[in-house]
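Novice: Next up is a structure, given as structure tokens.
4 protein chains.
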Amino acid sequence: MTDFFKGISPIKFEGADSTNPLAYRHYNKDELVAGKRMEDHIRPAIAYWHTFAWEGGDPFGGRTFDRPWYDKGMEGARIKADVAFEMFDLLDAPFFCFHDADIAPEGATLAESNRNVREIGEIFARKMQSGRTRLLWGTANLFSNRRYMSGAATNPDPDVFAYAAGQVKNVLELTHELGGDNYVLWGGREGYETLLNTKIGQEQDQMARFIHLVIEHAEKIGFKGQVLIEPKPQEPSKHQYDYDVATVYGFLKRYDLDTKVKCNIEVGHAFLAGHSFEHELAVAASLGMLGSVDANRNDLQSGWDTDQFPNSVPETTLAFYQILKNGGLGKGGFNFDAKVRRQSIDPADLLYGHIGGLDVLARSLKAAAALIADGTYDKAVDARYAGWQGADAKAILGGKVSLADLAARVEKDNINPQPRSGQQEYLENLINRFV
Amino acid sequence: MTDFFKGISPIKFEGADSTNPLAYRHYNKDELVAGKRMEDHIRPAIAYWHTFAWEGGDPFGGRTFDRPWYDKGMEGARIKADVAFEMFDLLDAPFFCFHDADIAPEGATLAESNRNVREIGEIFARKMQSGRTRLLWGTANLFSNRRYMSGAATNPDPDVFAYAAGQVKNVLELTHELGGDNYVLWGGREGYETLLNTKIGQEQDQMARFIHLVIEHAEKIGFKGQVLIEPKPQEPSKHQYDYDVATVYGFLKRYDLDTKVKCNIEVGHAFLAGHSFEHELAVAASLGMLGSVDANRNDLQSGWDTDQFPNSVPETTLAFYQILKNGGLGKGGFNFDAKVRRQSIDPADLLYGHIGGLDVLARSLKAAAALIADGTYDKAVDARYAGWQGADAKAILGGKVSLADLAARVEKDNINPQPRSGQQEYLENLINRFV
Amino acid sequence: MTDFFKGISPIKFEGADSTNPLAYRHYNKDELVAGKRMEDHIRPAIAYWHTFAWEGGDPFGGRTFDRPWYDKGMEGARIKADVAFEMFDLLDAPFFCFHDADIAPEGATLAESNRNVREIGEIFARKMQSGRTRLLWGTANLFSNRRYMSGAATNPDPDVFAYAAGQVKNVLELTHELGGDNYVLWGGREGYETLLNTKIGQEQDQMARFIHLVIEHAEKIGFKGQVLIEPKPQEPSKHQYDYDVATVYGFLKRYDLDTKVKCNIEVGHAFLAGHSFEHELAVAASLGMLGSVDANRNDLQSGWDTDQFPNSVPETTLAFYQILKNGGLGKGGFNFDAKVRRQSIDPADLLYGHIGGLDVLARSLKAAAALIADGTYDKAVDARYAGWQGADAKAILGGKVSLADLAARVEKDNINPQPRSGQQEYLENLINRFV
Amino acid sequence: MTDFFKGISPIKFEGADSTNPLAYRHYNKDELVAGKRMEDHIRPAIAYWHTFAWEGGDPFGGRTFDRPWYDKGMEGARIKADVAFEMFDLLDAPFFCFHDADIAPEGATLAESNRNVREIGEIFARKMQSGRTRLLWGTANLFSNRRYMSGAATNPDPDVFAYAAGQVKNVLELTHELGGDNYVLWGGREGYETLLNTKIGQEQDQMARFIHLVIEHAEKIGFKGQVLIEPKPQEPSKHQYDYDVATVYGFLKRYDLDTKVKCNIEVGHAFLAGHSFEHELAVAASLGMLGSVDANRNDLQSGWDTDQFPNSVPETTLAFYQILKNGGLGKGGFNFDAKVRRQSIDPADLLYGHIGGLDVLARSLKAAAALIADGTYDKAVDARYAGWQGADAKAILGGKVSLADLAARVEKDNINPQPRSGQQEYLENLINRFV
Ligand SMILES: [Co+2]
Ligand SMILES: [Co+2]
Ligand SMILES: [Co+2]
Ligand SMILES: [Co+2]
Ligand SMILES: [Co+2]
Ligand SMILES: [Co+2]
Ligand SMILES: [Co+2]
Ligand SMILES: [Co+2]
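In order, the protein sequence lines correspond to chains A, B, C and D. Count along the first sequence starting at 1, add 583, and that's the number in my numbering. Count along the second sequence starting at 1, add 583, and that's the number in my numbering. Count along the third sequence starting at 1, add 583, and that's the number in my numbering. Count along the fourth sequence starting at 1, add 583, and that's the number in my numbering.
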């Protein structure tokens, strides 16, 4: 037991009237919502990187945090693991997520790096046996080391492709051994800094091949989890190939990967791509691609990925509506890909971030479930499209009618369609009854 | 002969030293560039809508132009056609483009509207016989009339779908009869104003069906032109389904349309989608989807589609590089989807816009051709990817090597890839030698 | 009595549990919040332009609404006035706002236009005597007519300056006669479309002179209301001189106008300028420039002014916090500078928009008041700055210490300041307890 | 002599036809442009930070460069200084700029840090005696160390204010001793991360006091250089108080600092604030606030400060036009606040960046000078405003005419102003003749 969170007791649900900042006011894991435990809906996960590996730096300043595991190599990695699981317990977190580079320092060779990762992986395994926190997903960091500065799978140097393969193999296997529910690919350097030195077609072929290799290896080792791509339009690269859900879908479809891979959708990445979060969820749901969620928010005035904790119940309710209509997230969950601000330097700040985020998710889940249970909203939307339930309309969609048939029908029946109100304000007010 | 351009003589090429604002300084149609006439590279087209139909309005003010064809119904449409072809002659334009609604006023019924369009179409046919201007593409306006306020193909009302079909059939046939090289679909209202009242999956199914109908009808009537979708991310809708090239590709692939349809890529739409123009061209080229171009530019500080004439040679050179490497635009061309500013109210302003635009295209074409002829640039990029030409690397891409093989190789050979300079500044300077 | 809102009864407060979409659920005008009637806090106003003059057009399509007053000249203006005041009554609105061009059609001359405006003004006066709705502010439309295409006060043509003066004089006097509490200047065309044809210094001198003329005339006629400038960064112009509150402040200060004029701050304009709404309020408050508010919201993904009704309680609560700390809005109020979407074509949609907006304002006001009453939040912020209450710190701000003194003190006392947590997440959670 | 640039000879002007990537093609320092040496127009400076202190990191990855001075404390600082001056000589650079933290490592106390800075400063002094490179400006880094995480002058802790004062005193004096022409203040952390914990009024008072202290100290030590504020809207902070030129002007005016301080305007910061670079220059010129320039460019698709080397002649020509019309930059210059991309890891890349940037500045300077010499453009703009040269118009601006006078005149003379073309396309084409 470290003394990192000294004096802080486990976070409990105390109800909406509690003024205790170290208590849940809405997140009550066993409360049933639409017939399912709240925890089973949300499946919240703590991200190792932002919580334990990020040091508070930004492009204009260095480390602001001061943690007992800094600058201590493998010994630090062990302290970090201890604190991490203490925090999982404090928050009663059912899941966590990690990159290989978050949990152990790089060695002089890939082999040594991988050994370091596995050594900490064994510590995780032991802690997971005695605790309740499970692994939502693992992933490999293929972007921080300078060898990846020009991409990993899409690097102009095939040796880098090979190196990345060696790294992914290790984390994928560890993820499997730890019982992870998913494996995530985020291609922060799979893109370009300038189109001037880039062959897009070549790089996309490389990327597709890499993902096929991962899928094949996952099958070979018997990994039953879901492989996920996390779209992001840019940053660190000027342009990333996994721009948004629609782009990822086209890529997967082109390379026969669309039945093997789903999306891990991050709120802030949706915003940076010019979309709302609920848009990306709706698109993914319509394509059968909704896998998991990186819960956070982006500052509305900042042009980069701010990875803040979610704090708007109205916005998150719209997201939960999409998820509930999709039948939930399956093996996915809500990973808090969120970091406390670099000025939030106290250990307690790490807890405030997660507590606030979970309370927002809990309120939003309940609001979305109530909206659906009420039914008025869904009925209004169904009514708008009722015309397409008619036989003639179905024949159109069924491919039984030609352009000429339709043209003739309009002329014969003198069809002159009259617009009907889209009722946006009515629907917005209706939603606002539930948030 | 109208007196709209009274006193203005045909625009001639006078060379770079000319100070005559009503002369071409760089656009010299018969000049050979990389073995092809400049005109045959560029295939420039004048857009009927911005040039003759737009009245200078914006969201905060109405008509600023004062044209002899305003408010005169079919008589005005005939005057407009006369002026249009006079302008085509003045500019020596090889192509033009139009929407049905640009050329003739709506009637009381679809039948009457279509008759109006065909009547002006016959005037076009006569003028085209005696002149040299041909039709680059036709299209149907499925967004201005209030009946389309909630979409055309994606409207919740199937009658609107049918009405749109009747309209497209008419323009597609007219395009065919006028010898048009392409038919364009731009879905300005195929999207949503609010996700709250929208079923994305349903609407996408409708849109796909509609395009299939168009393709089938084109084949039925023997239209040999290319069908094109013009991507745009938003405006007028909050979100448009044809967001960008990658999104359109995924959509077409999903609905088995990817071999039938290509993209008409607009500079300003690329910008609004968060991309550079050359990016969209490169993506389209890599997917075999590069069909045609809407030449314009977007104001860099405005968040809406400003449709200004292109005026940056460095930027357009990068675009032409992509096009030349693609082997040109085939049946496509450069349609000036550009309007003079609403304060540019004089007839001569219409000419200044097109002259300046053409000169920029001509300079850019020559610069890109010289860059390619020089060869230094292409060699530098090829050298960057040379590693993938090795046998081992080809085996990776060829699917002959597994993740485990690669991991083993890295460990065995102790592969430790060293980064190599991306040379962005060197390449930028190199390009700047040609612009 | 027109039949525009036929069958709709006056909107009443029915409480949070009401499911009646034509009832207030939170806006309860006489309810006391922090010792003041809710209505007296909010002072809500209905905007004539969006509600009665806008026809549903956008840059890609025309009128979608169908109102009995369209295309009927002065008779239409009278019908419009009847419907307007019927709506004010239905909503129990204490205030409205208008431009001259909203209420009456332009005539052939300025004199005739002004007479038309005054004729409707007399109708307003009569209706205001028998009703309870008062005038929050009047303003002149100096941007829609083509004569203003290059600006009003900043036009290169001094005749346009004079014409604008004639128009403002008329509306200012009408505003005074109708007992308006404010007069607003919004300079939508006071800026430029291209810097290439613009003399910024010259235009700013013109603008300053114009505002001085307005102030002098207001004093001359005894107008006791507040003159307000409404900042907006762009649209319709590429750049508008009244970019944001800080810019307006600098302009006013430069031309000795800062004690005469305050700001009317619009939510959506703040967003377009790269700010949050609460930022603009806080800046204005710190400068003594907070005059009034244009309540709306901007779509987060659209780059133009969407003027939607406010619907986020968390966001609006932060705004109300700033306003309450400022001691309220004084003569100002919350003008709904918001329009129903162009697909919201039913008369009831106009009511839904305003009802939803008012309910959001009411909830937000109560939340902000509760936050302040609780006190925890203010105490936390005060504690952060407590160091500046010390005598030494006050001496610094008081100008009693030099740079060298401070440097010497740091060295002598070996001052090594340690960072303290900024507590952002803690504060966000705290705020979320109240919304 | 280090071997960092081994094998690279001094960069010479070789003319436009040179294909040597390590030669100037346009920058010819002694060439006269508009009667002044090119070098005296441009006064180019090399930025110590990006060139020698930045290590290639970004938010998702660490150091990519590999320099002989890394991780070597004061010895490294001396190697760095050697390489810096070797590069100044290679490029024949007349100026450089630095922050204290760029040139020497922090010590355990402020005193030690300042001593380190002065020790390197003495090395600079010796090198400057034997070389030709002078100091354009110095500045203090008040944002990288964690003590400044919540601001320097605007920190809630007055000890941080004092510490910053001690640091600025040291660099200001060193700048003075090295004969620097300017002293710059950039307030990257003078702003807020969240408005929730921020008192804007309090912080602005602190900032104003700090600047007064700096001005007073500069006067006391006899520094004749210009003090400059560098505006930036955000990053690293969510909001920075020095948002743009107009905001800085208002701030300076408010606190009686407007005659003491000018602006150092950065291209990329203008873009992030929603402006074009030439806009910021024009605004500054109109306010007498144009001090110096940070030459770079921002990637058009990235929402953060990319600090790339300028490479667009058309854009930079518009900037030079503003500067030449302003009578030049006086004591200011063009500081390359630009960094090679993190993939540009070779020493030669540092040279390519600066060579390309200088060539772009040289071409742009010549183009702008030719545009002015030609005179057509200036005449066109003057003609647009000619109406304001009339006696009646001057009387308006001179305050001799009231609102009522103007209104009466419009009515009496039946003034009905007709719009005149703004000629944007004509002017754009005209400019394009020179670039
Ligand atoms: Co993420
Ligand atoms: Co993120
Ligand atoms: Co277009
Ligand atoms: Co466009
Ligand atoms: Co407004
Ligand atoms: Co607005
Ligand atoms: Co700078
Ligand atoms: Co910068």
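We treat Cβ as the ideally placed atom computed from N, Cα and C, and that holds for glycine.
Looking only at its chain, what residues have a beta carbon closer than 7 angstroms to the beta carbon of D/Ala684, apart from the 5 residues adjacent to it on each side?
Specialist: So the list reads Asn724, Ser727, once near-sequence residues are dropped.
Novice: Considering Cα atoms alone, identify which of A/Phe892, A/Gly871, A/Glu818, A/Gly659 is closest to D/Pro642.
Specialist: Selected option, being the one with the closest Cα: A/Glu818.
Novice: Anything in the segment 743-767 of chain A with a Cβ closer than 9 angstroms to a Cβ of chain B? List those residues in chain order, please.
Specialist: Here the close residues are Val743, Phe744, Ala745, Tyr746, Ala747, Ala748, Gly749, Gln750, Val751, Lys752, Asn753, Leu755.
Novice: Does any heavy atom of ligand 5 sit closer than 8 angstroms to the C-beta of C/His852?
Specialist: Flag set: Cβ of C/His852 near ligand 5.
Novice: Keeping to the same chain, check which residues put their C-beta closer than 6 angstroms to that of C/Ala676; ignore five residues upstream and five downstream.
Specialist: Counting only Cβ-Cβ distances below 6 angstroms, and skipping sequence neighbours, we find Ile629, Thr716.
Novice: Look up B/Ser947 in the DSSP assignment and say whether it is helix, strand or coil.
Specialist: Three-state DSSP puts B/Ser947 in a helix.
Novice: On the DSSP bridge list, what partners appear for A/Tyr607?
Specialist: Answer is A/Phe596.
Novice: Flag B/Asn847 as yes when its Cβ comes closer than 8 angstroms to any non-hydrogen atom of ligand 1, and as no otherwise.
Specialist: No, Cβ of B/Asn847 sits at least 8 angstroms from all heavy atoms of ligand 1.
Novice: Of all the options C/Leu674, C/Gln785, C/Ala745, which has the alpha carbon lying nearest to the alpha carbon of C/Leu693?
Specialist: Comparing Cα-Cα distances from C/Leu693 to each of C/Leu674, C/Gln785, C/Ala745, the minimum goes to C/Ala745.
Novice: Is the Cβ-Cβ distance between C/Phe635 and C/Lys663 less than 9 angstroms?
Specialist: In this structure, C/Lys663 lies closer than 9 angstroms to C/Phe635 by Cβ.
Novice: Could you tell me the alpha carbon to alpha carbon distance between C/Glu658 and C/Trp652, rounded to whole angstroms?
Specialist: If you take the alpha carbons of C/Glu658 and C/Trp652, they lie about 8 angstroms apart.
Novice: Using beta-carbon positions only, say whether C/Asn611 and C/Ala865 come within less than 9 angstroms of one another.
Specialist: It is not a contact, given that the beta carbons lie outside the stated cut-off.
Novice: Measure how close the beta-carbons of A/Ala878 and A/Pro816 come, nearest whole angstrom, since I'm counting them as under 8 angstroms.
Specialist: With a Cβ gap of about 19 angstroms, A/Ala878 and A/Pro816 do not count as contacting.
Novice: Ignoring anything shorter than 3 residues or poking outside the segment 881-937 of chain B, list the beta strand (DSSP E) runs there in chain order.
Specialist: List check, beta strand (DSSP E) in window: 917-919.
Novice: Which word fits A/Gln809, buried or exposed, when buried means at least 16 other C-beta atoms lie within 10 angstroms of its C-beta?
Specialist: So A/Gln809 counts as buried.
Novice: Give me the Cα-Cα distance between C/Glu786 and C/Gly734, rounded to the nearest whole angstrom.
Specialist: When rounded, the distance between both Cα atoms is 9 angstroms.
Novice: Measure the alpha-carbon distance for C/Lys589 versus A/Lys962 and round it to whole angstroms.
Specialist: So the alpha carbons of these two residues sit roughly 25 angstroms apart.
Novice: Less than 9 angstroms between the beta carbons of A/Gly874 and A/Gly833, yes or no?
Specialist: For A/Gly874 and A/Gly833, no; Cβs fall outside 9 angstroms.
Novice: For B/Ile979, collect the residues of the same chain with a Cβ closer than 8 angstroms to its Cβ; drop the 5 residues on either side in sequence, then sort them by chain order.
Specialist: Leu989.
Novice: Look at the alpha carbon of C/Asp586 and the alpha carbon of C/Leu901, and state the distance between them as a whole number of angstroms.
Specialist: Cα-Cα distance, rounded: 40 angstroms.
Novice: Relative to the C-alpha of B/Pro814, which residue among B/Met711, B/Arg661, B/Lys977, B/Asn847 is closest?
Specialist: If we check each option's Cα against that of B/Pro814, B/Asn847 comes out closest.
Novice: I want to verify the contact list: residues of chain D whose CB lies under 7 angstroms from the CB of A/Asp882, in sequence order.
Specialist: By Cβ distance, chain D contributes Lys821.
Novice: Mind listing the chain D neighbours of B/Val923? Cutoff is C-beta to C-beta under 8 angstroms, in chain order.
Specialist: Neighbours of B/Val923 on chain D, chain order: Gln1007, Glu1008.
Novice: With a CB to CB cut of under 6 angstroms and the five nearest residues on each side skipped, what residues in its chain are close to A/Val850?
Specialist: The residues are Phe860, Asn879, Arg880.
Novice: For B/Lys815, verify whether its CB is less than 8 angstroms away from any heavy atom of ligand 4.
Specialist: Checking every heavy atom of ligand 4 against the Cβ of B/Lys815, one is found closer than 8 angstroms.
Novice: Just verifying my parser: in three-state terms, what is the DSSP assignment at C/Pro627?
Specialist: Reduced to three states, the DSSP call for C/Pro627 is strand.
Novice: Does ligand 6 have even one heavy atom less than 8 angstroms from the beta-carbon of B/Asn881?
Specialist: No, since every heavy atom of ligand 6 falls outside the 8 angstroms radius drawn around the Cβ of B/Asn881.
Novice: Along the alpha helix (DSSP H) that carries C/Glu849, what are the first and last residues, could you check?
Specialist: Not the alpha helix (DSSP H): C/Glu849 falls in the beta strand (DSSP E), residues 844-849.
Novice: So is B/Glu695 buried or exposed if we call it buried at 16+ other beta carbons inside 10 Å?
Specialist: Exposed, because fewer than 16 other Cβ atoms sit within 10 Å of the Cβ of B/Glu695.
Novice: Comparing C-alpha positions only, which one of A/Gly911, A/Val964, A/Leu934 sits nearest to A/Val616?
Specialist: The residue with the shortest Cα to Cα distance from A/Val616 is A/Gly911.
Novice: Can you name, in chain order, every residue of its own chain whose Cβ lies under 6 angstroms from the Cβ of C/Val876, other than the five neighbours on each side?
Specialist: Around C/Val876: Ile848, Phe917.
Novice: Out of curiosity, what's the CA-to-CA distance linking C/Ala691 and C/Thr737?
Specialist: About 23 angstroms.
Novice: Is it buried or exposed for A/Pro741, if we count other Cβ within 10 angstroms and need 16 for buried?
Specialist: When all chains shown are included, A/Pro741 counts as buried.
Novice: Alpha helix (DSSP H) containing C/Ser875: first to last residue?
Specialist: Premise fails: C/Ser875 lies in the beta strand (DSSP E), 873-878, not in any alpha helix (DSSP H).
Novice: Which whole-angstrom value is the C-beta distance of D/Pro1000 and C/Val743, which I expect to be below 8 angstroms?
Specialist: Confirmed, about 5 angstroms.
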